[in-house]
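A short write-up of the structure that comes next.
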Amino acid sequence: MAKPHTTSLFPTIGSLANQTDKSTTKPEDGDQVVQEIASLCMKCHEQGTTRLMLTSIPYFREVIVMSFRCEFCGATNNEIQSAGEIKAEGTLYTAKILVRPDLDRQIVRSPTCEILIPEYQLTLPATTRGQLTTVEGLVRDIVTDLSTDQPLRRIQDEEGYTKVQDLIDKLKEILGDEEDEDAEVQVGNATKKEYIAMPAFTLKLDDPAGNSWIEFNGTMADPKWNMRTYPRTLQQNIALGLVSGEEERSTASAPEVDKVDVPVVNGAITDDEVFVFPGRCSSCGHPLDTLMKKVNIPYFKDILIMSTNCDRCGYRDNEVKSGSAISDQGKRITLKVEDRDDLSRDILKSETAGLTIPEIDLVLQHGTLGGRFTTLEGILNQVYEELSEKVFASGDASTSGEKTSFEKFLGDLKGITNAERSFTVILDDPLANSYMQNIYAPDPDPNMTIEFYDRTFDQNEYLGLNDIKVEGYEGDAPEKVLVPELGRG
Numbered sequence: 068m069a070k071p072h073t074t075s076l077f078p079t080i081g082s083l084a085n086q087t088d089k090s091t092t093k094p095e096d097g098d099q100v101v102q103e104i105a106s107l108c109m110k111c112h113e114q115g116t117t118r119l120m121l122t123s124i125p126y127f128r129e130v131i132v133m134s135f136r137c138e139f140c141g142a143t144n145n146e147i148q149s150a151g152e153i154k155a156e157g158t159l160y161t162a163k164i165l166v167r168p169d170l171d172r173q174i175v176r177s178p179t180c181e182i183l184i185p186e187y188q189l190t191l192p193a194t195t196r197g198q199l200t201t202v203e204g205l206v207r208d209i210v211t212d213l214s215t216d217q218p219l220r221r222i223q224d225e226e227g228y229t230k231v232q233d234l235i236d237k238l239k240e241i242l243g244d245e246e247d248e249d250a251e252v253q254v255g256n257a258t259k260k261e262y263i264a265m266p267a268f269t270l271k272l273d274d275p276a277g278n279s280w281i282e283f284n285g286t287m288a289d290p291k292w293n294m295r296t297y298p299r300t301l302q303q304n305i306a307l308g309l310v311s312g313e314e315e316r317s318t319a320s321a322p323e324v325d326k327v328d329v330p331v332v333n334g335a336i337t338d339d340e341v342f343v344f345p346g347r348c349s350s351c352g353h354p355l356d357t358l359m360k361k362v363n364i365p366y367f368k369d370i371l372i373m374s375t376n377c378d379r380c381g382y383r384d385n386e387v388k389s390g391s392a393i394s395d396q397g398k399r400i401t402l403k404v405e406d407r408d409d410l411s412r413d414i415l416k417s418e419t420a421g422l423t424i425p426e427i428d429l430v431l432q433h434g435t436l437g438g439r440f441t442t443l444e445g446i447l448n449q450v451y452e453e454l455s456e457k458v459f460a461s462g463d464a465s466t467s468g469e470k471t472s473f474e475k476f477l478g479d480l481k482g483i484t485n486a487e488r489s490f491t492v493i494l495d496d497p498l499a500n501s502y503m504q505n506i507y508a509p510d511p512d513p514n515m516t517i518e519f520y521d522r523t524f525d526q527n528e529y530l531g532l533n534d535i536k537v538e539g540y541e542g543d544a545p546e547k548v549l550v551p552e553l554g555r556g
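68 is the number of the first residue of the sequence shown in this note's numbering; add one for each residue after it.
Here's what the structure looks like:
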């Protein structure tokens with residue numbers, strides 16, 4: 068759930084536009100959409116004006132849009148800064164620009180973002196300031212920057228001038244400034260707009276800080292849009308200021324930290340032992356410890372809980388693994404939740420399990436959220452937080468139908484989390500490594516049913532079980548071939 072102060076400080080762009088359109092009188096200082104601050108012009112050293120606007124971009128995050136202008140010398144400067152924290156992972160956005168409407172996609176470019184256009188072998192390195200623009204605006208800026216030094220380049224480096232001019236001409240074909248305007252044709256009783264053909268290209272935004280973004284059309288299912296996250300390298304963390312160069316040199320001089328001293332286990336692992344695995348944080352590169360402990364769940368089986376916490380950057384990761392052999396059958400657990408007491412049941416959802424709540428059409432595919440050992444209320448809260456963080460329930464980037472439908476879904480999810488009505492939870496695990504607490508144990512639970520089923524061939528193939536051979540594998544070993552030693556007749 069969004070924090071109250073976030074909504075007031077960072078309203079959406081659409082609400083700011085509506086507020087500006089409806090304003091007929093000068094607003095009070097506290098209600099101003101754009102804040103104005105007197106600032107020193109670094110060009111003529113007179114007093115200019117900086118305008119600040121705090122806003123949130125739907126499906127992205129909060130940003131600060133800044134604009135400076137000096138009335139004395141005409142100097143201007145516009146930039147955008149993220150109001151959020153550096154993300155735990157970097158992001159790589161890829162958009163296919165195929166038709167002219169794709170040029171209207173909005174772009175948020177942070178100072179750490181690198182832009183690539185593979186078709187033209189063009190790479191724009193990270194800049195010193197952020198930018199809020201569109202794909203068309205970005206291409207126009209590139210053309211303008213490349214054209215600025217062309218007269219001088221033509222005299223000093225004719226070969227370089229030819230290559231740059233060839234790139235400029237290709238980019239101008241995308242803009243289509245010299246072409247005829249888009250035409251409107253009559254199709255029956257409707258008017259259809261025909262767009263002038265343009266060269267297709269791919270636009271990639273690679274930002275190690277995770278603070279850049281490119282707009283998608285409609286929903287995140289846009290086939291021409293893709294987002295991928297990746298762990299940062301140690302060099303990228305140093306560039307972002309998360310790790311200092313001195314710390315890097317000091318850790319590099321201590322190679323023993325990189326070694327993982329895996330404990331030697333003699334005999335069975337007891338429930339009281341906690342094993343420590345030294346390693347490095349995948350987010351910031353600092354040394355940390357991963358803890359592992361065996362836990363016995365009554366009336367179920369042994370599991371292994373692994374926990375990783377970084378004190379430097381706050382990175383956290385928890386995994387739950389089965390400590391038993393692979394089951395011959397899958398298991399499906401169905402629980403009828405009737406009151407709040409049922410929400411306090413312990414639940415072990417393995418990384419291969421799927422979860423379904425038919426009453427609100429919630430379906431978590433197998434593997435979603437990874438392995439979790441918590442309560443039923445805890446896992447429902449986690450699903451709500453994940454969905455509410457990744458998709459905004461309100462904003463001017465979503466249609467009214469999508470907005471209403473998603474708001475209703477989140478309301479239903481919040482309602483069952485608060486036990487406002489009864490519902491059914493189905494936990495389906497092909498490896499039978501999941502568990503839901505029976506509060507009547509050892510007697511049967513009247514609200515819970517457990518059924519075992521045979522896995523299909525496709526399920527075994529997905530889990531990699533069809534290729535496992537634990538008996539008679541010695542006969543599959545290749546025969547030894549005797550090769551005479553070299554140097555002997």
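Using N, Cα and C, we set each Cβ at its ideal position, and we do this for glycine too.
No experiment lies behind these values; they were computed from the predicted model shown.
**Assigned secondary structure, Ile281 (DSSP; H/G/I helix, E/B strand, else coil)** = In the sequence shown, counting from the first residue as 1, residue 281 sits at position 214. Correct three-state label for Ile281: strand.
**Gly285 beta carbon less than 8 Å from that of Gly157** = Counting from one through the sequence shown, the residue named residue 157 turns up at place 90. Counting from one through the sequence shown, the residue named residue 285 turns up at place 218. Contact: no.
**Asked** How close, in whole Å, do the beta carbons of Ile147 and Val130 come, if the pair is a contact with beta carbons under 8 Å?
**Response** Within the sequence shown, the letter at position 80 stands for residue 147. Within the sequence shown, the letter at position 63 stands for residue 130. That belief holds up - the Cβ atoms of Ile147 and Val130 are roughly 6 Å apart, short of 8 Å.
**Request:** Pull up the CB-CB distance for Leu436 and Ala486, whole angstroms please, since I reckon it's below 8 Å.
**Result:** Within the sequence shown, numbered from 1, the residue matching residue 436 stands at position 369. Within the sequence shown, numbered from 1, the residue matching residue 486 stands at position 419. Actually they do not touch by this definition, with Cβ atoms about 21 Å apart.
**Asked** By DSSP, does Lys398 sit in helix, in strand, or in coil?
**Response** On the sequence shown, position 331 is the one that residue 398 refers to. Strand, per DSSP.
**Request:** Give the secondary structure of Leu307 by DSSP, where H, G and I count as helix, E and B as strand, and everything else as coil.
**Result:** Against the sequence shown, residue 307 aligns to sequence position 240. Note: Leu307 maps to coil in three-state DSSP.
**Request:** Look at the alpha carbon of Ile446 and the alpha carbon of Gly346, and state the distance between them as a whole number of angstroms.
**Result:** Here residue 446 refers to the residue found at position 379 of the sequence shown. Here residue 346 refers to the residue found at position 279 of the sequence shown. When rounded, the separation of the alpha-carbon atoms in Ile446 and Gly346 is 29 Å.
**Asked** Going along the chain, which residues of its own chain have a beta-carbon closer than 8 Å to the beta-carbon of Thr484, five neighbours each way excluded?
**Response** The residue given as residue 484 occupies position 417 in the sequence shown. Within the same chain, Thr484 has close Cβ partners Leu410, Glu444, Leu447, Asn448, Tyr451.
**Prompt:** With a CB to CB cut of under 6 Å and the five nearest residues on each side skipped, what residues in its chain are close to Glu426?
**Reply:** Along the sequence shown, one-based indexing puts residue 426 at 359. By the criterion of a C-beta distance shorter than 6 Å, Glu426 is surrounded in its chain by Phe490, once the five residues flanking it on both sides are discounted.
**Asked** DSSP three-state call for Ser349: helix, strand or coil?
**Response** Against the sequence shown, residue 349 aligns to sequence position 282. Correct three-state label for Ser349: coil.
**Asn385 versus Leu309 - alpha carbon distance** = Residue 385 sits at position 318 when you count from the first residue of the sequence shown. Residue 309 sits at position 242 when you count from the first residue of the sequence shown. The alpha-carbon atoms of Asn385 and Leu309 are separated by roughly 23 Å.
**Prompt:** Which of helix, strand or coil does DSSP assign to Glu129?
**Reply:** By 1-based counting over the sequence shown, the position of residue 129 is 62. If DSSP states are grouped into helix, strand and coil, Glu129 belongs with the strands.
**Asked** Under 8 Å between the Cβ atoms of Leu358 and Val341?
**Response** Locating residue 358 in the sequence shown gives position 291, where the first residue counts as 1. Locating residue 341 in the sequence shown gives position 274, where the first residue counts as 1. For Leu358 and Val341, yes; Cβs fall inside 8 Å.
**Message:** Could you give the first and the last residue of the continuous beta strand (DSSP E) run that contains Glu518?
**Reply:** As a working note, residue 518 is residue 451 in the sequence shown. Here the beta strand (DSSP E) through Glu518 covers 515-520.
**Request:** Within its chain, find whatever has a CB closer than 7 Å to the CB of Ser394; leave out the 5 residues flanking it on each side and keep chain order.
**Result:** Locating residue 394 in the sequence shown gives position 327, where the first residue counts as 1. The residues are Leu498, Ala499.
**Request:** Find the nearest neighbour of Gln114 within the set Glu103, Met120, Leu121, judged by alpha-carbon distance.
**Result:** If you number the sequence shown from 1, residue 114 lands on position 47. Checked all of Glu103, Met120, Leu121; the closest Cα to Gln114 is Glu103.
**Asked** Going straight from the alpha carbon of Asn144 to that of Lys271, what length do you get?
**Response** Along the sequence shown, read from residue 1 onward, the residue named residue 144 stands at position 77. Along the sequence shown, read from residue 1 onward, the residue named residue 271 stands at position 204. So the alpha carbons of these two residues sit roughly 25 Å apart.
**Request:** Buried or exposed for Ile209, please, with buried defined as at least 16 other CB atoms from any protein chain shown within 10 angstroms of its CB.
**Result:** Indexing the sequence shown from 1 puts residue 209 at position 142. Counting Cβ neighbours within 10 Å, Ile209 comes out buried, since at least 16 surround it.
**Request:** Look at the Cβ atom of Asp169, then the Cβ atom of Val202, and state whether they are nearer than 8 Å.
**Result:** Here residue 169 refers to the residue found at position 102 when the sequence shown is read from its first residue. Here residue 202 refers to the residue found at position 135 when the sequence shown is read from its first residue. The answer is yes: Cβ separation under 8 Å.
**Prompt:** If you draw a straight line from the C-alpha of Met294 to the C-alpha of Ala508, how long is it?
**Reply:** Numbered from 1 along the sequence shown, position 227 holds the residue referred to as residue 294. Numbered from 1 along the sequence shown, position 441 holds the residue referred to as residue 508. Whole-angstrom Cα-Cα distance: 46 Å.
**Item:** Residues of its chain near Gln198, where Cβ-Cβ distance is below 7 Å and the 5 sequence neighbours each way are ignored
**Value:** As a working mapping, residue 198 is identified with position 131 in the sequence shown. Correct list, in chain order: Glu146, Ile147, Arg176.
**Asked** Looking at Tyr520 and Gln396, is the spacing between their C-beta atoms short of 8 Å?
**Response** By one-based count along the sequence shown, residue 396 stands at place 329. By one-based count along the sequence shown, residue 520 stands at place 453. Yes, the pair counts as a contact, with Cβ atoms nearer than the cut-off.
**Item:** 8 Å Cβ shell around Leu191 - same chain, five flanking residues per side excluded
**Value:** The residue labelled residue 191 in the question sits at position 124 within the sequence shown. Excluding residues within five positions, the ones whose Cβ falls inside 8 Å are Glu181, Ile182, Leu183, Ile209.
**Request:** Between the Cα of Gly204 and those of Thr117, Leu238, Ala264, Arg221, spot the shortest distance and give me the residue it belongs to.
**Result:** What you label residue 204 is simply residue 137 of the sequence shown in a count that begins at 1. Nearest of Thr117, Leu238, Ala264, Arg221 to Gly204, Cα basis: Leu238.
**Prompt:** Measuring CB to CB, does Ile174 end up less than 8 Å from Ile281?
**Reply:** Taking the sequence shown and counting its residues from 1, the one referred to as residue 174 is at position 107. Taking the sequence shown and counting its residues from 1, the one referred to as residue 281 is at position 214. The beta carbons of Ile174 and Ile281 sit closer together than 8 Å.
**Message:** Going by beta-carbon coordinates alone, are Ser501 and Lys403 separated by less than 8 Å?
**Reply:** Residue numbering aside, residue 501 sits at position 434 when the sequence shown is read from its first letter. Residue numbering aside, residue 403 sits at position 336 when the sequence shown is read from its first letter. No, these two residues do not count as a Cβ contact at 8 Å.
**Request:** Would you decide whether Asp496 is buried or exposed? Buried here means 16 or more other CB atoms lie within 10 Å of its CB.
**Result:** Here the question's residue 496 lines up with position 429 in the sequence shown. The residue is buried, with at least 16 neighbouring Cβ atoms inside 10 Å.
**Item:** Spatial neighbours of Arg522 in its chain, beta-carbon cut-off 6 Å, leaving aside the 5 residues before and after
**Value:** Position 455 of the sequence shown, counted from the start, is the residue given in the question as residue 522. Gly397, Pro497, listed in sequence order.
**Asked** Quick one: is Pro266 buried, meaning 16 or more other Cβ sit within 10 Å of its Cβ, or exposed?
**Response** The residue you call residue 266 lines up with position 199 of the sequence shown. Its Cβ having fewer than 16 others within 10 Å, Pro266 is exposed.
**Prompt:** Who are Gln526's beta bridge partners in DSSP?
**Reply:** Residue numbering aside, residue 526 sits at position 459 when the sequence shown is read from its first letter. Answer by DSSP bridge pairing: none, since Gln526 is not bridged.
**Message:** Taking the alpha helix (DSSP H) that Lys230 belongs to, which residues open and close that run?
**Reply:** Residue numbering aside, residue 230 sits at position 163 when the sequence shown is read from its first letter. Unbroken alpha helix (DSSP H) run through Lys230: 225-242.
**Request:** For Ser106, name the three-state secondary structure that DSSP assigns.
**Result:** Within the sequence shown, the letter at position 39 stands for residue 106. Three-state result, Ser106: strand.
**Prompt:** Considering only C-alpha positions, which residue in the set Ile517, Leu159, Pro178 is nearest to Thr296?
**Reply:** Here residue 296 is taken as the residue at index 229 of the sequence shown, counted from 1. Minimum Cα distance to Thr296 is reached at Leu159.
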